[in-house]
Structures are given as C-alpha cells and as structure tokens.
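Residue numbers (the numbering used here), protein chains in the order written: chain A, 92 to 256; chain B, 80 to 627.
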Amino acid sequence: MFGMKRRTFIALIATSPVFLRINMQAKEIPTHAWKTIASVQDTLLPKTEHMPSAQDINALFYLVSNCSSEYFDANDLDFLIKGASMFHQNFPDFSHKDTESKNKILEIATENDFLEKWLSKLIYYTIEAMFSDPIYGGNTHELGWTSTLHATGNPRPINKYGRKI
Amino acid sequence: MNYDICIIGSGAGAGPLAYELSHAGKKVVILEKGDIYSEQDFSKDEIAYTKRNIFTPQLSDEYHTIETLEEGKWIKTPTYENNWNFWNGSLLGGSSNFMSGFFHRLKPNDFKLKSIYGMYDGANIEDWPISYEEIEPYYDLVEKIVGVSGHVTEHVHQEPRSTNTYPYPPLAEHPIVEKFDTACKALNFTPFMTPRAILSESKENRNPCYYSNYCGSYACSSGAKGSSRAALIQPALATGNLHIIANAFVVKLETDHTQKVKKALYLTKEGTQKEIKAKLFILAAQAVESSRLLLNSKNAAFPNGLANSSGAVGKNLLFSGGGMGSGEFDLSHFSQEVLLQSGLFVNRALKDWYFTPKFKGGLIDFLFEHSNPIRRANSLKWENDKLIFGQKLQDKIYQTFTTKRVLNFEIFNDWMPNDNCFVSVDEKYKDKYGIPVANIRIGAHPEDVRVGEFLATKAVKLLEHMGAKNISYTISPLPSQNLQAGGCRFGDNPKKHVLNRYCQSHDISNLFVTDGSFMPTGGSVPYTWTIYANAFRVADYIKNTYIK
Chain A
92 MFGMKRRTFI
102 ALIATSPVFL
112 RINMQAKEIP
122 THAWKTIASV
132 QDTLLPKTEH
142 MPSAQDINAL
152 FYLVSNCSSE
162 YFDANDLDFL
172 IKGASMFHQN
182 FPDFSHKDTE
192 SKNKILEIAT
202 ENDFLEKWLS
212 KLIYYTIEAM
222 FSDPIYGGNT
232 HELGWTSTLH
242 ATGNPRPINK
252 YGRKI
Chain B
80 MNYDICIIGS
90 GAGAGPLAYE
100 LSHAGKKVVI
110 LEKGDIYSEQ
120 DFSKDEIAYT
130 KRNIFTPQLS
140 DEYHTIETLE
150 EGKWIKTPTY
160 ENNWNFWNGS
170 LLGGSSNFMS
180 GFFHRLKPND
190 FKLKSIYGMY
200 DGANIEDWPI
210 SYEEIEPYYD
220 LVEKIVGVSG
230 HVTEHVHQEP
240 RSTNTYPYPP
250 LAEHPIVEKF
260 DTACKALNFT
270 PFMTPRAILS
280 ESKENRNPCY
290 YSNYCGSYAC
300 SSGAKGSSRA
310 ALIQPALATG
320 NLHIIANAFV
330 VKLETDHTQK
340 VKKALYLTKE
350 GTQKEIKAKL
360 FILAAQAVES
370 SRLLLNSKNA
380 AFPNGLANSS
390 GAVGKNLLFS
400 GGGMGSGEFD
410 LSHFSQEVLL
420 QSGLFVNRAL
430 KDWYFTPKFK
440 GGLIDFLFEH
450 SNPIRRANSL
460 KWENDKLIFG
470 QKLQDKIYQT
480 FTTKRVLNFE
490 IFNDWMPNDN
500 CFVSVDEKYK
510 DKYGIPVANI
520 RIGAHPEDVR
530 VGEFLATKAV
540 KLLEHMGAKN
550 ISYTISPLPS
560 QNLQAGGCRF
570 GDNPKKHVLN
580 RYCQSHDISN
590 LFVTDGSFMP
600 TGGSVPYTWT
610 IYANAFRVAD
620 YIKNTYIK
C-alpha cells in the first residue's frame, strides 16, 4: 500500500533515535489507525496532472514525526486517531477499493458530521505536510511549492519550531 | 543591583524608554516575559510563525478568559477551550517583531473626538489631555529613529507635519498599484501611499528590506522592519547601560511605606521567584497584561490594585473596529509572471472618509493576501459548506496558486470605548503559576460595525472598478486581538484617570505605563506608531523633568 515511502519510513523508525522516540508515542496508537490515515490521505489529496499526492510528499511520515512535538495540538491528535478508528469500523475495506469506490466512500463519510470534521482535519494536516518546509519531514523535494509555483521565503528554517540557532 | 529604571516588557511602549534613558546614562533593566532572539534566529517558517504557539505561551499553561454576549448573557470562556490567543509575542521586542508596519499617524481631531462629534450613546469617548501638536515632534522622531519609508500623499485629512518627506524612499511596489491609482482617479478617490516602518535603505546595523514575500506575522531577518528589538533595544544595548533579563514573567509590583513601587517580583521559566529593585518602574506589557499586573498587585495600601484609586484600571479597553475583505485578480488582469511576482508591496490606502461631516469614519488599507501556502490551500477545501477533496481539491489548489492573486483590504475604525469592554481578574481562573489570569470582556458598540460597513462599501466600489472578481468582505463586532489599547486612561482628573498626561500614575509617582493603555480613544489606525511616539514623549518628560 505504501510502496517505497512506507519502506523508507519503517527503516527510519528502526534506526533513528529520533524516530524511536516517535515510536514510543506511536505505539499507543493502533497500527490500523495509521494505515487508515495513510490510505485516506492519498484519496483526499491524490496525484494529479499537476499536483503531488499525499504519499509523494510523505504526508503520513510528516504526521507521525510531528505529532509527538510539544507544540502539536494534543486534542487534534486524539481526534485524528478516534476518527481513524471510527472510519475503519464503518469502512473496513476502504484501502482495498479502487479510486472511484474510495471517493464514493468519502462522499458517504462526509454526510456524518463527526467523520466530515475528521476528514477536514486530515486534509489540513496533509496540506501542512505538502506546504511546510521540508525540515518537518513533508514537502519532499519541495514538490508542494514547485508544483504550485509558490515562491517560499528566505531564510529557510535551520531548526524546527523556531528554535534558536 | 539597584537600577535607575526597570521596564516591564520590551515592545513598542518599552523600546523608546530603553533607548532614550540608556543613552541618557541611566542604568536600565528590562524584564521580558519571553526569550531573546536576533535576526539570524528568524526564518520564514509558516509552521513556527503562524501554526503553532512558539512565540506565545501554550494556552493550556497560560491563558485568558474571554467574555462574549450570548443570548443576552455574558459568557466567560477560557482561551484554552476556544483557541483565541490574546498573547501577541512573548519575546524581546514583543509583538512589534511581527507587525506589518503600516504606519499612519493620528490626526488632530482624533485627539478631540468628543469635542468634534459630541457623545455617542453608550460610548465613553473623551478628548485626550494632549493635542496633536504636542506629539507631532515625536511622530517625526519615530520616522527617523525607527525608520519609516514612503512618500507623503496630500489629501483632504492630511495631518500637519514638521517635514514634507519620509526619511526613507518608498518600498518597491507591485504593478497592481497602477490599477489601484487609475481606479481611484476615475472614482475621485485619493490613492494614499501607505508609509511603512520597513527600511528601504540600510540604517546603521540594519539591512534594508529584501522583499522576502513573508512579512506580516513574521519576524524580520534583515532588521528592516522597525521592531522595538531591532530599532531601539539593540542600539540601547550598545550603550552598556541596558541589561535584559529574559524569561522573566513579572507577577507583582510591591510598594513601600512611601507609596512608591520598590520592586518587581518575577518568575523564571522554571517558576522560581526573583525580584528587581529600581527607582522608577515603567510598565509596558501590552494593554491587557499591564492592567492585569496592576490589578494583581493589590495590597493593603492599594486594595483595588496599584494606580487604581479611580477604579479605572482595566476599564475602557480598546481594540480596532472594522473588518476585512478581498477581491481576486487573475490572468485576465496580468501575465502569470507579473501576477505572481513575489515580495513587492501594494502600500495603498484610502483615507477620504477618515472623518465625515456627521460621524467619525476610518481607514482602509490594501495589501496582498499573505503568502502562507498552508493557510491558503486549507481555505479552499470548503465549497457551499461542503467539504471537497480528491482531484477537485487538488485542481482548485493548483488553479488558485498559479492563476490567482487576492488583494485584501483591512478596515480600521475607532473602537468605541464602552462599559462592556474591560480587563478584570478573578480568583477562579489561574495560570500554571497560580496567578489570576486576565479576563477580557469584549463588548462592541453598534457604531463600530456601522462605520465598518460604510467603509467596506467604498473598498468594494474600488475593487469593482479595478475589475476584481469574487469580491467579499466581513465586518465583525469581534476584535482582532493584536490591536490592544486603553485600560489605563490618561487625563488630568485623578478621580477618573489612571495616568496623568505624562503617563505617570496619579497615585504612585514612580510608576509609568507606556504601552497603548493610556489611550482614551484609539483613532482609526493601527496603534504602533502612536505608542512609539508617545513613549518617546514620556521618555523626554522623564529625562528632562522627573529625574533631572
């Protein structure tokens, strides 16, 4: 399901102390939640003629690697995980469907207020991954910026979260 | 160590005092709630500067309570529940680091609104105890010391100036200003060139603007933006007379038997209590927090809080009335190369209705939508209250980013001071240190919205004439949290006013308040320039009279 990006992601978790810390937090979150989120993200923001997909810009990696930050909204993380569980319960075969079916499922999901809010939140964090500085782990090769002709500002961050140099 | 002067805060109300008094040879200490940053620490990181609380406290730790009127009742909500952040910058230089630097002076009649227009029912407007002529030399001083770029536009409400130019030439402008100016001419509006507290040329150790494309809400990496930190505190440090204690949260001012402030108690980041003694204390923590500190400093001699024998501390808090709107421009107006040209400024405003014969009007500033791509892309996910996603959302993001540009307008009109807009504290809501938080009741006067609507019709007319598409606007009685003033009015009557005309407490002679708290009315412009100018005026008084 994840292709190269997932393999890269798992390798990083296994080797980097940074990601070991992430894994300590992530271990409390059911694996299926991350799988569900990854699958839905790529349907919410798929690859198109002009735009990279959620997977292209490492949206899942971005979310997992930033959700343990003290600056990440704990309520948002809780909501993302609860929403993923509810979505998975309602649509357990989602990840195995074709694109058209996935889109139909998401249309159905938006008719539920809770799931619509969850999808909206997931779009937000996927967009964060697409347009934030690559230092945060998303926006691979600056694909989000280059695809949209966005001129980012300089200087670029050297440290995450405004930490002093 | 005993200091001559202790300044609480380091933003626009503090910088001029630190600058002038340290240059006068006084030993000055600044207690700053946040950390010390310099230009090389700043970057154009949308996550850090606009999406996380990096330069403000975490709301779960330190918050405010906000009272809003709902179905006839005032409902109090802690900001950790509604995420409405009233902190605007806890770092050296305060929120001036993040300002856009639209520098408009007040006008002579702003100082006598009550005399000009009479009373508005339900509004506590009153004339200032000083005139425009008394503050004009200090506006001029700010232009030179902080650095203001622009070109003086003659217009019907032009205030008197002691010079007819700004010290720095205008910043480079986007070609959209040609459409703006042409439309103004056709409509008989005056295209006003907005002065900016951004250097177009280098000044001492500060580099000029390099058109980063990420300006408003971001701290400046070249020092071009006239923040209190870059323009005033850095030169003050060079005198050797200024000491800065960072991460020092002042929680109480203690008085002695002579009814003077003798020391400031502050907490370190770790919560350890420390104290600083000084001969003179200057409070400039931004309007809400300054009132909070005075109220929280109550003692046996001052049971209602310091400087509060009038009972007026916290009262008549001011924000800015108005709202904002926008219109879209696309490839039918400009080539893609011109349309997307980044970094260049618009720097245009309309002031034709700053005063009207029957009521006080206001100002309309025009600017391109901030570049922030996360915010812009996320704003595209709703259509007719329905969430869009997939190919449709991706196409919309691509089309919007590559073929459209949004011209925003921001309306500033007077926030009418009234009995339902104030700061208070109570013992129920406390921050992580156990200090009562500031409660902010936000009651707007109907005039604020009426004038905002009036001005919006003018802005819309202009955008229509420019050929803009999808024009819309919102005027709200809810304030923008970064424009704070009032709460410690200055005036000549100790029974009514917290401060005298020099922003010195009527009750406590060695206590001054120099952020925007002193303002009885705020005018219809962003407050920063006036706060800077007034703080320079107070510094002159302290230098020439108080400590002479």
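Every residue gets a Cβ at the ideal spot worked out from N, C-alpha and C, and that includes glycine.
Remember, predicted model here, so these are calculated numbers, not experimental data.
Item, Value
"DSSP-derived helix/strand/coil call for H241 (chain A)", "coil"
"Three or more C-beta pairs below 8 Å linking the region 298-310 of chain B and the region 165-182 of chain B", "yes"
"For L263 (chain A), the nearest candidate out of B:Q473, B:T242 and B:T609 (CA to CA)", "Given that chain A is displayed from residue 92 to residue 256, the structure contains no residue 263 (chain A) and the question cannot be resolved."
"Residues, ordered as in the chain, of the region 134-147 of chain B that lie near chain A by beta-carbon distance below 9 Å", "F134, Q137 and S139"
"Given 8 Å, three or more beta-carbon pairs between the region 587-600 of chain B and the region 239-246 of chain B", "no"
"Residues that A150 (chain A) contacts on chain B, provided the C-beta gap is smaller than 9 Å", "Neighbours of A150 (chain A) on chain B: none; closest Cβ ~13 Å, over 9 Å."
"With 16 other Cβ atoms within 10 Å as the buried cut-off, status of T607 (chain B)", "buried"
"DSSP beta-bridge partners of I521 (chain B)", "B:C500"
"Backbone secondary structure at T242 (chain B) - three-state DSSP", "coil"
"Under 8 Å by beta carbon: chain B residues contacting H241 (chain A)", "S450, P452 and F480"
"Below-9 Å beta-carbon distance, M221 (chain A) vs any chain B residue", "yes"
"The region 120-130 of chain B contacting the region 245-253 of chain A, beta-carbon criterion three pairs below 8 Å", "yes"
"Segment contact flag, the region 82-95 of chain B with the region 251-270 of chain B, C-beta cutoff 8 Å, min 3 pairs", "no"
"Given E407 (chain B) as reference, the closest of B:E543, B:S369 and B:N383 once Cα atoms are compared", "B:E543"
"Close beta carbons around G570 (chain B), own chain, < 6 Å, minus the five adjacent residues each side", "P208 and H576"
"C-beta atoms of Y217 (chain B) and R520 (chain B) nearer than 9 Å", "no"
"Unbroken alpha helix (DSSP H) run spanning P95 (chain B), endpoints", "G94 to H102"
"Complete runs of the alpha helix (DSSP H) confined to the region 268-346 of chain B [at least 4 residues]", "313-317"
"Residue range of the alpha helix (DSSP H) that includes K430 (chain B)", "Where K430 (chain B) is concerned, there is no enclosing alpha helix (DSSP H), given that its DSSP letter is neither H nor E."
"Minimum Cβ-Cβ distance from Q473 (chain B) to chain D less than 9 Å", "Given the protein chain composition of this structure (A and B), no chain D is represented."
"Validate contact between the region 355-363 of chain B and the region 451-467 of chain B using beta carbons, cut 8 Å, 3 pairs", "no"
"Start-to-end residues for the alpha helix (DSSP H) that takes in A366 (chain B)", "A366 to N375"
"Best match in B:P515, B:A251 and B:L557 for proximity to E280 (chain B) [C-alpha to C-alpha]", "B:A251"
"Chain B contact for H270 (chain A) (CB, 9 Å cutoff)", "Only positions 92 to 256 of chain A appear in the structure, and residue 270 (chain A) is not among them; the question remains open."
"G324 (chain B) versus Y162 (chain A): straight-line alpha-carbon distance, rounded", "Note on residue identity: the sequence assigns Ile, not Gly, to residue 324 (chain B). Those two C-alpha atoms are separated by around 25 Å."
"K173 (chain A) versus T347 (chain B) - alpha carbon distance", "38 Å"
"Cutoff 6 Å; reference K112 (chain B); Cβ partners in own chain excluding five residues on either side", "S169 and F328"
"Burial state of Y289 (chain B) (16 or more Cβ within 10 Å)", "exposed"
"Alpha helix (DSSP H) runs contained entirely in the region 154-230 of chain B, provided each spans 4 or more residues", "158-161, 192-196 and 211-221"
"Every unbroken alpha helix (DSSP H) inside the region 423-476 of chain B [4 residues or more]", "452-457"
"7 Å Cβ shell around A343 (chain B) - same chain, five flanking residues per side excluded", "C85, I87, L110, V329, L332, E354, I355 and F360"
"CB contact check: G469 (chain B) to chain A, cutoff 9 Å", "yes"
"Span separating the alpha-carbon of Q313 (chain B) from that of F177 (chain B)", "17 Å"
"Rounded C-alpha distance that separates E222 (chain B) from P249 (chain B)", "13 Å"
"Rounded Cβ spacing between W166 (chain B) and P136 (chain B) (contact assumed at less than 8 Å)", "6 Å"
"Outcome for T239 (chain A) when other beta-carbon atoms lying within 10 angstroms are tallied against a minimum of 16", "buried"
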